[in-house]
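Number of protein chains: 2
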Amino acid sequence: MHERELTAYLDECRALVLDEIRAIVARQHAGGPNDGFLYDLMLDYPLRDAKGLRPALCVATCRALGGKLEAVVRSAAVLELYHNAFLIHDDIEDESLVRRGRPTLHREHGVPIAVNVGDAMLALSLQPLLDNVETIGLGPALRTLRAVARMTRESVEGQAIELDWVRRGSLDDADAQALDELGDADYVRMVEGKTCWYSFITPIEVGAIAAGASTAILDELREFARVLGVAFQIQDDLLNLAGEIGSYGKEIGGDLWEGKRTLILLHCMRCANPAERAEIRVILAKPRPAALERPSELEGLLTALVERGELSGSGRDAILERLGQVGQGGQLGTASRGCKTEADVQRLFALIHAQGSLDYARAFARAGLLDARARLAACQRFMPASVHREFLTSLVDYVFARER
Amino acid sequence: MHERELTAYLDECRALVLDEIRAIVARQHAGGPNDGFLYDLMLDYPLRDAKGLRPALCVATCRALGGKLEAVVRSAAVLELYHNAFLIHDDIEDESLVRRGRPTLHREHGVPIAVNVGDAMLALSLQPLLDNVETIGLGPALRTLRAVARMTRESVEGQAIELDWVRRGSLDDADAQALDELGDADYVRMVEGKTCWYSFITPIEVGAIAAGASTAILDELREFARVLGVAFQIQDDLLNLAGEIGSYGKEIGGDLWEGKRTLILLHCMRCANPAERAEIRVILAKPRPAALERPSELEGLLTALVERGELSGSGRDAILERLGQVGQGGQLGTASRGCKTEADVQRLFALIHAQGSLDYARAFARAGLLDARARLAACQRFMPASVHREFLTSLVDYVFARER
C-alpha cells in the first residue's frame, strides 16, 4: 500500500469513528441540562488533527478477519474516546504544553475543567459498550468490556510506574539511587502498560473480538500488537528528541524537561562515566519550571524591576528560587533548589549524543519492528489477503518510516 | 435507632466494603509489576476516617428489600471506589486543601500522581462489575452496570455545570451577567448531578437491583434518594460556612473562596441591593489565591525584601498582581487582577448573614427532609420492618440532626 492509500485508509476510519463519537456525545447532550460547554470540550482533542492510528487498527483487524464494519465502529469510537481522555489527563500529569499543534486543554481551560472533561469522556464510554449487547451479542459485548477493563488497568499502571520514576528521580536518597538499576526490561514493561495496551493491544483485540476470533487468534494478535507498540513508543521517544515542531505537534525535548526515563536515557546513563552520571542525576532531579515562568513572563517583570533599580539582583534570585520550589502541578518541593534550565536540557542532549544512545534506541526499535513484521506475516494463516490486511502490513512499514 | 446503633451499622457496612476494596486492589496488585506505591495511594482516601454513608445506604436498601449481603457487597465496594476517585479529582478541580481532616491527595503527592490515582480507581472498578455476572446473574449485573454508567455521566455533568458557573463568574461580560438569573431550580439541578447520583440515587438503586426489585420500586426509591440528596447537599453547604474544623474535616468557607454558587449565595444575591450585588460579583470574580501564596510564603519573602530595601513597594505589588493572574490550576487569567483576600471572604460572610440566607437554606433543606421522610414511609408498603429499614429511617433523621 502506498502512503497515499495508507493515509486514505486512516482518514476514512477516523471519519467513521468521529461521526460515532459525535453521536455518542450528542445522545448524552440531549439528555443533559448543560449549555454545551462540556460537550464542545469533549470533542476538542478528538477533532484536532491526528493520524487516527487506533481507530484504523481496530477497524482493519475486524475486517481483515472477515468481520463487519457495523460490528466494530462503536467500540472503535469508545477506544478513541478513552484514548483522548487519557491524553487530557496525561498532559496534566506531564505538564505538557502542546498537543497536536495546539495548547493542551489544561493550558487553555485550566486544570479543573480539563480533569473533569477527561472524566466526562471516560463516563460516556461505558453506555455504548453496554449497548453492544444488542448489536454484537452478549458474548462479544462482555469480552469487549473485559478487554477495556484490562486496558484501563494496564494503562494507569504503566503511567504510575513512569510517574513514580519521575517522583523518585526528584528525591535525593536511596529511592533515587535505585533508579540507576533500571534496565531495558523495566522500560519495556513500563511502556507495555503506558502505551501498548491502549494504542495497540486493545484496539486490535477489540477488532478481533468483533469479528468473532478464537482465543488462540486473539493471543497471537495481542503479541503482535505488543511488540509493535514497544517499537512505536521508542520511535516516539526518538521523535520527541529529534523531531521538528510542525511535523510532530508536541513540544521538543519534553521528555527531558519532565525527567522521563526513556530507553535512550537509560542507555546514556549506563554508558556515561560516574561523574557524568551524577551530573545527569542532578539535572533530572530538578523540577520542571512551572508553565508561567517558562515563557519568562515573571522573569521579564523581575528583570525590568532590577533595571529600574526597584529590585536587587539577589532579591530577584531569591524570588525565582522560591518559585522554583513549586514543581509538578503546584506541589511544594521538598528541597530548596532551582528548576531545570534550557542549558540543563542542552547538556542532556549533548551527553545523549556523545553516548550514541539515539543509535542504540533506533536499533532496538528496528529489531522490534522486524519481529512485529514476522508475527503479522504468520497471522496470514487465518487472515486472507484483503485491503485491510494490506493496511496492517503497510502500517508496520510506516512505523519503520517514522524512524528515518 | 439510637445514634450509637446507627453508628455501629455504618461502621459495620464500611468495614465490609473496605475489606472488599482491599481485595479488589490486592487482586490487581498481584498481577502488576508496580512496587505498591500506586496501590497504597488508592487506599488512602477510602481508609481515611469517614462515615461510610454510601456503602451503608447500598447494603441497607438491599437487605431491607430481602436481598442477601453477598449479592451487594462487591457493588457497594465499587461505588465507594468511584466515590473516592471522584473526591480525588474534585479536590483537584476545587483546589481543596483538606479532606477528612488531612491534606488532600494532590497537596501531598502533586496533581500528576493524584490525577492518575483517581483514574486507577476508576479503572479498577469495571472488572468487579463484570464479575457480578457470575454472582448475581446476567440481568442484575447488566442493570448495575447501566446504573453506574448513568451515575458517572450525571456526576461529571453536575460537576461541569458548577465549574462552568465558577468559570463564567470569573469573567466580566454578558456570560457572567447571565449568572444573576440563576434560581433555586438551577441549583437543585446542578446538585442532582453533582451529589445525588453518586451519593444517594445510585447506591440505593444498586442495592435494590441486587435485591431483585421491580422497575416501579426502583423508580420510587430513586425519587426518595434524589430528594434526600438535595437536602443533604444544602446541609453540607451550610456546614461549609458554619462548621468548625475538626468536626467537619474540610476547610471552612471553601465554597466562598472557590466562588461557588450555592443556594445560600443565590438567595443572598437575590436579596441584596444592586450595589451589594455588584460588590459580591466583583469578589466572586477574583480567582482563589494559589496554594503557595495562601500561606503567604512568597508574600513573606517579598515583605522581607521590601524591609531590607531590596524591593520597592510598587515592585512588590506588581509581582503579586502578576502572580494573581494564575488562577484555577495554573491557568493564565484573562484580566490583570488580584486574588480573593481574607477580607473579601469575611465580607461575603457578612452579607450572607445580613440577608438571612442561612435561615432560608435551612428551611429549604428542612422541607426536603420532610418530603424524603414521607417518601420513605410510603416505601414501607414493600419494605417490611427490619433493622435495615430502621437504619434508613434513622438516617433521614440523622441528616436532620446535622442541621442543628
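As you go down the protein sequences, you meet chains A and B in turn. Everything in the first sequence is counted per the numbering used here, starting at -2 for the first residue and increasing by one. Everything in the second sequence is counted per the numbering used here, starting at -2 for the first residue and increasing by one. We put the beta carbon where it would ideally sit given N, CA and C, even for glycine. All figures in this text were calculated on a predicted structure; none of them were measured in a lab.
First and last residue of the uninterrupted alpha helix (DSSP H) at residue i
| i | result |
| --- | --- |
| V251 (chain B) | For clarity, residue 251 (chain B) is Gly in the given sequence; the question names Val instead. Element bounds for G251 (chain B): 251 to 255. |
| V112 (chain A) | 108 to 121 |
| N81 (chain A) | 66 to 90 |
| D464 (chain A) | Nothing about residue 464 (chain A) can be reported from this structure: the residues present for chain A run from -2 to 401 only. |
| P284 (chain B) | Unbroken run through P284 (chain B): none, as it is neither H nor E. |
| M187 (chain B) | 181 to 188 |
| E151 (chain A) | 135 to 166 |
| I198 (chain A) | Premise fails: I198 (chain A) is in no alpha helix (DSSP H) and is neither H nor E. |
| C265 (chain A) | 260 to 268 |
| R372 (chain A) | 354 to 375 |
Chain A contact for residue i (CB, 8 Å cutoff)
| i | result |
| --- | --- |
| G402 (chain B) | Here chain B has residues from -2 to 401 only, and residue 402 (chain B) is not among them. |
| H316 (chain B) | A small fix is needed here, since residue 316 (chain B) is Ile in this sequence, not His. Cβ-Cβ to chain A under 8 Å: yes for I316 (chain B). |
| L168 (chain B) | no |
| A20 (chain B) | no |
Partner residues on chain B for residue i, Cβ-Cβ distance less than 9 Å
| i | result |
| --- | --- |
| F229 (chain A) | Those within 9 Å of F229 (chain A) in chain B number zero; the least Cβ separation is about 20 Å. |
| N81 (chain A) | Going along chain B, no residue has its Cβ under 9 Å from N81 (chain A), so there is no contact; the nearest lies around 14 Å. |
| I89 (chain A) | I89, V108, P109, V112, G326 |
| W130 (chain A) | Reading off the sequence shown, one finds Val at residue 130 (chain A), where the question assumed Trp. Here the neighbours are L139. |
8 Å Cβ cut-off: residues of chain A touching residue i
| i | result |
| --- | --- |
| Q174 (chain B) | Result: empty, since nearest Cβ-Cβ is about 15 Å, beyond 8 Å. |
| R143 (chain B) | Q124, L127 |
| L253 (chain B) | Near L253 (chain B) there are no residues of chain A at all, since even the closest Cβ is about 17 Å away, more than 8 Å. |
| L86 (chain B) | It should be noted that the sequence gives His, not Leu, for residue 86 (chain B). Ordered by position in chain A, the residues that pass the 8 Å Cβ test against H86 (chain B) are V112, N113, D116. |
Paired residues, beta bridge with residue i - DSSP
| i | result |
| --- | --- |
| L100 (chain A) | Note on residue identity: the sequence assigns Pro, not Leu, to residue 100 (chain A). P100 (chain A) is bridged to A:V95. |
| L308 (chain A) | B:L308 |
Within-8 Å CB hit, residue i to chain B
| i | result |
| --- | --- |
| R164 (chain A) | yes |
| I110 (chain A) | yes |
| I261 (chain A) | no |
| D237 (chain A) | The displayed chain sequence assigns Asn, not Asp, to residue 237 (chain A). Closer than 8 Å: no. |
| E17 (chain A) | no |
| G49 (chain A) | no |
| A74 (chain A) | no |
| G134 (chain A) | no |
| A171 (chain A) | no |
| H350 (chain A) | no |
| A182 (chain A) | no |
| V153 (chain A) | yes |
Interface residues of chain A facing residue i [CB-CB closer than 9 Å]
| i | result |
| --- | --- |
| R150 (chain B) | Q25, G28, G29, A117, A120, L121, L123, Q124 |
| S309 (chain B) | L302, R305, G306, E307, L308 |
Under 7 Å by beta carbon: chain A residues contacting residue i
| i | result |
| --- | --- |
| F197 (chain B) | Within chain A, no residue comes near F197 (chain B); the closest Cβ sits about 18 Å away, beyond 7 Å. |
Close beta carbons around residue i, own chain, < 7 Å, minus the five adjacent residues each side
| i | result |
| --- | --- |
| C376 (chain A) | E217, L218, F221 |
| A182 (chain B) | none |
| L127 (chain B) | none |
| E133 (chain B) | The sequence as given places Ile at residue 133 (chain B); Glu does not occur at that position. Closer than 7 Å at Cβ, skipping near neighbours: A68, A207. |
| R313 (chain A) | L299, V303 |
| Q328 (chain B) | Summary for Q328 (chain B): the model assigns pLDDT 38, below 50, so the residue's position carries little reliability, and this model does not support an answer. |
| M380 (chain B) | A61, L62, R386 |
| D46 (chain A) | R97, G98 |
| V342 (chain B) | G250, L253, W254 |
| T390 (chain A) | L373 |
Cutoff 6 Å; reference residue i; Cβ partners in own chain excluding five residues on either side
| i | result |
| --- | --- |
| G256 (chain A) | V163, G166, L281 |
| L225 (chain A) | F197, A369 |
| L54 (chain A) | P200, I201 |
| H86 (chain B) | G115 |
| W194 (chain B) | M148, E151, S152 |
Beta-carbon neighbours of residue i, restricted to chain B and to distances below 8 Å
| i | result |
| --- | --- |
| A146 (chain A) | A120, L123, Q124, L127 |
Neighbourhood of residue i by C-beta, 8 Å cutoff - its chain only, sequence neighbours within 5 removed
| i | result |
| --- | --- |
| L40 (chain B) | I18, R19, V22 |
| K191 (chain A) | S152, G155, Q156, I158, E159, Q230 |
| N407 (chain B) | Chain B is shown only over -2 to 401; residue 407 (chain B) falls outside these bounds and no answer can be derived. |
Contact list for residue i against chain B, beta-carbon separation under 7 Å
| i | result |
| --- | --- |
| G312 (chain A) | L302, E307, L308 |
| V156 (chain A) | Per the sequence presented here, residue 156 (chain A) reads as Gln, with Val not at that position. Result: N113. |
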